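First up is the structure itself, then whatever we jot down about it.
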Amino acid sequence: MRAWHFTEMPYPDIPPFDQLKNTRVTIPNRLFDPRIGADLYHRYLDEHCIADELGLDIMLNEHHASASCIDSVVPLPAAILARQTRKARILILGNPIANRGEPVRIAEEMAMIDCISRGRLDVGFVRGVPTEINPANSNPAMTNERLWEGIDIAMRAWTTHDGPFNYEGRFWHKRAVNIWPRPYQQPHPPVWITGSSDRENVRKVAQHGFTFATFLQPYENTRSLFDEYRKHYVDAGVPNQGGTAFLPLVYTADSASEAEKGAQELLWYIRSNKTEPQFKNPPGYASIALNVQALQGKFGGRTEAVRAQGLDYMMEQGIVIAGTPDTVAARIRKFYDQVGGFDHLLMMQQAGHLDHKRTVRSMTLFAKDVYPRIKDLPPTVKAPAIAEPVPAK
Amino acid sequence: MQHHNPQHLHQIGPSDDLRLEVSRRGSGPPLLLLTGEEALEIDAPFLDELAKSYEVIIPAPPGFGRSTRPDWVTGPDDIAYMVLDLVDDLGLKNIPVIGCSFGGWIAAEVATKDDGFISKLVLVDPYGIKTGKPTDRDIQDVWLLSPDEVMALKWHDAANGKRDLKSMPEDALTIVARNSESFARFGWEPYLHNPKLPHRLHRIKVPTLLVWGGSDGIVTPRYGEAYRKLIPDARLAVIPQAGHLPHIEQPQAFLTELRRFLG
Numbered sequence: 003m004r005a006w007h008f009t010e011m012p013y014p015d016i017p018p019f020d021q022l023k024n025t026r027v028t029i030p031n032r033l034f035d036p037r038i039g040a041d042l043y044h045r046y047l048d049e050h051c052i053a054d055e056l057g058l059d060i061m062l063n064e065h066h067a068s069a070s071c072i073d074s075v076v077p078l079p080a081a082i083l084a085r086q087t088r089k090a091r092i093l094i095l096g097n098p099i100a101n102r103g104e105p106v107r108i109a110e111e112m113a114m115i116d117c118i119s120r121g122r123l124d125v126g127f128v129r130g131v132p133t134e135i136n137p138a139n140s141n142p143a144m145t146n147e148r149l150w151e152g153i154d155i156a157m158r159a160w161t162t163h164d165g166p167f168n169y170e171g172r173f174w175h176k177r178a179v180n181i182w183p184r185p186y187q188q189p190h191p192p193v194w195i196t197g198s199s200d201r202e203n204v205r206k207v208a209q210h211g212f213t214f215a216t217f218l219q220p221y222e223n224t225r226s227l228f229d230e231y232r233k234h235y236v237d238a239g240v241p242n243q244g245g246t247a248f249l250p251l252v253y254t255a256d257s258a259s260e261a262e263k264g265a266q267e268l269l270w271y272i273r274s275n276k277t278e279p280q281f282k283n284p285p286g287y288a289s290i291a292l293n294v295q296a297l298q299g300k301f302g303g304r305t306e307a308v309r310a311q312g313l314d315y316m317m318e319q320g321i322v323i324a325g326t327p328d329t330v331a332a333r334i335r336k337f338y339d340q341v342g343g344f345d346h347l348l349m350m351q352q353a354g355h356l357d358h359k360r361t362v363r364s365m366t367l368f369a370k371d372v373y374p375r376i377k378d379l380p381p382t383v384k385a386p387a388i389a390e391p392v393p394a395k
Numbered sequence: 004m005q006h007h008n009p010q011h012l013h014q015i016g017p018s019d020d021l022r023l024e025v026s027r028r029g030s031g032p033p034l035l036l037l038t039g040e041e042a043l044e045i046d047a048p049f050l051d052e053l054a055k056s057y058e059v060i061i062p063a064p065p066g067f068g069r070s071t072r073p074d075w076v077t078g079p080d081d082i083a084y085m086v087l088d089l090v091d092d093l094g095l096k097n098i099p100v101i102g103c104s105f106g107g108w109i110a111a112e113v114a115t116k117d118d119g120f121i122s123k124l125v126l127v128d129p130y131g132i133k134t135g136k137p138t139d140r141d142i143q144d145v146w147l148l149s150p151d152e153v154m155a156l157k158w159h160d161a162a163n164g165k166r167d168l169k170s171m172p173e174d175a176l177t178i179v180a181r182n183s184e185s186f187a188r189f190g191w192e193p194y195l196h197n198p199k200l201p202h203r204l205h206r207i208k209v210p211t212l213l214v215w216g217g218s219d220g221i222v223t224p225r226y227g228e229a230y231r232k233l234i235p236d237a238r239l240a241v242i243p244q245a246g247h248l249p250h251i252e253q254p255q256a257f258l259t260e261l262r263r264f265l266g
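Protein chains in written order, with this note's numbering: chain A, 3 to 395; chain B, 4 to 266.
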């Protein structure tokens, strides 16, 4: 089991949610004070450096036009941390290749960060959540198709070493792809893909031997996705690649009451996700069958269903893991059993107004008193997992 | 509801992956109707009236209604060729063509490619061109605004646009969802227009009537005036107390304009 520290890098000093139509997409950036933003960037990067010192790995992500996440260009912090950290693996989860496009540019960025970090990069690719559609002006139909064609181009760019190749596909036309540098890790950095319900996508991830991650889901959903993954997993022979990952909100504290307070603050992340219907479900993003349910009033989105629940439900489901080190370790081990095992614990240990001191206290308690008690949980797929990255020959 | 009747799927071109649902209503000389993106025309009173004088032929574009949607189709420019294929297959000659909203855009594309089969062309609040500066919203952004805001812009009286979706059967809702998805797929970027279309509209030589809802807030009558200037033999008729779909919101006034034009 590997544990990864994560924050979306929120900008929490916004007006009360009931005074805002949306916290994403349309929220005006006059509400962003660059002086506060500068402090926040340095603080969050400092916390990632502390994670490195504590022996945790690092996860980064990207969103656009959102107060929930001012990490809008994820290769930038990844590059900074590639230079500023020494041991941690750095996971980008992920590159929004379906919305951003530019698969060759993404392959170049990742190869460069992989070299600077001397092979500590894990590369996620994501389809992007519905609220990313409008900021990217990306056609909501065909996001899956663009995701997979983009991955195909990036992978070929990483693994072709004999000069230019051409790729004339459905979405991108490239005639002389020949990236410098190539990745440090061979044949390429471990690849991760996220998913929340699309089982066909889970099978595809498994058949490529990529690592599969899912976020903030009740454990029964998580188990069924992980079971599907394990059933179809094919070892692609890539070091450190393959297996499953889950992301809960995690707060470790000296006392149960402190833990509950911390967990309540982390829930800012879920509460802050306020958007109008046109941004939650742009036409073509979800399947026709789901949209029929939506028209019948039976489907309001998975996130909405979880959002409506309180802390007790989320703790029961494993969406929030909070408590003293004993409680947290026991809850993770139990969750491991509930989902039939998993390989990576992606921990959102900071959200909303949770300050630096309390974030670091939670991270430290986790690293010192929890991590040693879950590290032995065995891998769930037989990928050629090795501790040290393999440098290019 | 008429659209639950079994419909004919018409294969276009040599491959059977492209089959369009073609509905026919009424009797008389043929008239081609390209509906709006929601296909509300199918159940609208103006169509019943029209069907008394014409055999109205209504093809659903790919991805709309029950028509298939091959992956290579990207918008009205492609769809226009399918309409021309259908017209050839059915041997239609010298017929009136009416296109509404998204269907108006398709009809304009068709006529720029070949207007030889068209006697007269009617475009009702069509999309298809950009008239202003890059930062002008010539076409209000229906995917950025809330559903309530869209309704207020689209209808003179938003109550006229209310639909009881929850009581509709599942196959009808499947079509609602398909229409909505395909509309976005084809209209997302460039947003509901073809930058080349303004440079082709001069090719339309047949008499053309642009009908516009005076209260259309999605594409305003000013946009209609810009459209009119690009088509050589075109006239603009503005219908008061009607929004983006004047033929549905003010059917009598619409039919009066239509009869005056078609004769």
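Each residue gets a CB set at the ideal place from its N, CA and C atoms; glycine is no exception.
The structure displayed is predicted, hence computed values, not measured ones.
Beta-carbon gap between residue i and residue j smaller than 7 Å
i	j	result
residue 82 (chain B)	residue 100 (chain B)	no
residue 156 (chain A)	residue 105 (chain A)	yes
residue 212 (chain B)	residue 257 (chain B)	no
residue 243 (chain B)	residue 49 (chain B)	no
residue 56 (chain A)	residue 369 (chain A)	yes
residue 59 (chain B)	residue 102 (chain B)	no
residue 224 (chain A)	residue 248 (chain A)	yes
residue 127 (chain A)	residue 151 (chain A)	no
residue 203 (chain B)	residue 115 (chain B)	yes
residue 13 (chain A)	residue 82 (chain A)	no
residue 383 (chain A)	residue 197 (chain A)	no
residue 118 (chain A)	residue 85 (chain A)	yes
residue 47 (chain B)	residue 221 (chain B)	no
residue 125 (chain A)	residue 114 (chain A)	no
residue 94 (chain A)	residue 181 (chain B)	no
residue 321 (chain A)	residue 3 (chain A)	no
residue 191 (chain B)	residue 141 (chain A)	yes
residue 286 (chain A)	residue 143 (chain A)	yes
residue 236 (chain B)	residue 198 (chain B)	no
residue 26 (chain A)	residue 161 (chain A)	no
Buried versus exposed, by CB contacts within 10 Å (16 or more), residue i
i	result
residue 130 (chain A)	buried
residue 162 (chain B)	exposed
residue 68 (chain A)	buried
residue 78 (chain B)	buried
residue 18 (chain A)	exposed
residue 246 (chain B)	buried
residue 185 (chain A)	buried
residue 389 (chain A)	At residue 389 (chain A) the pLDDT is 44, less than 50, meaning the model places this residue with poor confidence; the figure from the coordinates comes in the next sentence. Residue 389 (chain A) is exposed by the Cβ-count criterion.
residue 175 (chain A)	exposed
residue 7 (chain B)	Its pLDDT being 42, under 50, residue 7 (chain B) is placed unreliably by the model, and the measurement read from it follows with that caveat. Exposed, by the Cβ-count rule.
Coarse secondary structure for residue i, derived from DSSP in three states
i	result
residue 3 (chain B)	Since the first residue of chain B shown is 4 and the last is 266, residue 3 (chain B) is not available in this structure.
residue 37 (chain A)	helix
residue 3 (chain A)	coil
residue 122 (chain B)	strand
residue 317 (chain A)	helix
residue 272 (chain B)	Because chain B here runs from 4 to 266, residue 272 (chain B) falls outside it and cannot be looked at.
residue 4 (chain B)	Caution applies to residue 4 (chain B), whose pLDDT of 37 falls short of 50 and renders its modelled position unreliable; the value that the coordinates give is listed next. The answer is coil: DSSP assigns residue 4 (chain B) none of H, G, I, E or B.
residue 160 (chain A)	helix
residue 24 (chain A)	coil
residue 145 (chain B)	coil
residue 312 (chain A)	coil
residue 231 (chain A)	helix
residue 247 (chain B)	coil
residue 61 (chain B)	strand
field: Given 8 Å, three or more beta-carbon pairs between the stretch 325-340 of chain A and the stretch 271-286 of chain A
entry: no
Contact between the stretch 209-229 of chain B and the stretch 138-146 of chain B (3+ Cβ pairs under 8 Å): yes
message: Just to confirm the assignment: which complete beta strand (DSSP E) runs, minimum length 3, are found wholly within the stretch 39-92 of chain A?
response: 59-62
Inter-stretch contact at 8 Å, needing at least 3 Cβ pairs: the stretch 292-301 of chain A / the stretch 223-231 of chain A: no
query: Which parts of the stretch 261-294 of chain A are runs of the alpha helix (DSSP H), unbroken and 4 residues or longer, counting only runs that do not cross its ends?
result: 270-273, 279-282
task: Scan the stretch 90-149 of chain A and note each continuous alpha helix (DSSP H) run of 4 residues or more that stays entirely inside, going in chain order.
output: 99-102, 105-118, 135-138
- prompt: Which whole runs of the beta strand (DSSP E) in the stretch 174-243 of chain B are 3 residues long or more, in chain order?
  reply: 211-216, 237-242
query: Touch check for the stretch 251-269 of chain A and the stretch 12-21 of chain B: three-plus C-beta pairs under 8 Å?
result: no
Within the stretch 64-134 of chain B, ranges of the alpha helix (DSSP H) (whole runs, at least 4 residues): 79-93, 105-116
- prompt: What are the complete beta strand (DSSP E) segments, minimum 3 residues, inside the stretch 333-376 of chain A?
  reply: 346-352
query: Do three or more CB pairs link the stretch 118-132 of chain B to the stretch 150-160 of chain B at distances below 8 Å?
result: no
Ordered list of beta strand (DSSP E) runs contained in the stretch 177-232 of chain A, each at least 3 residues: 193-196, 213-217
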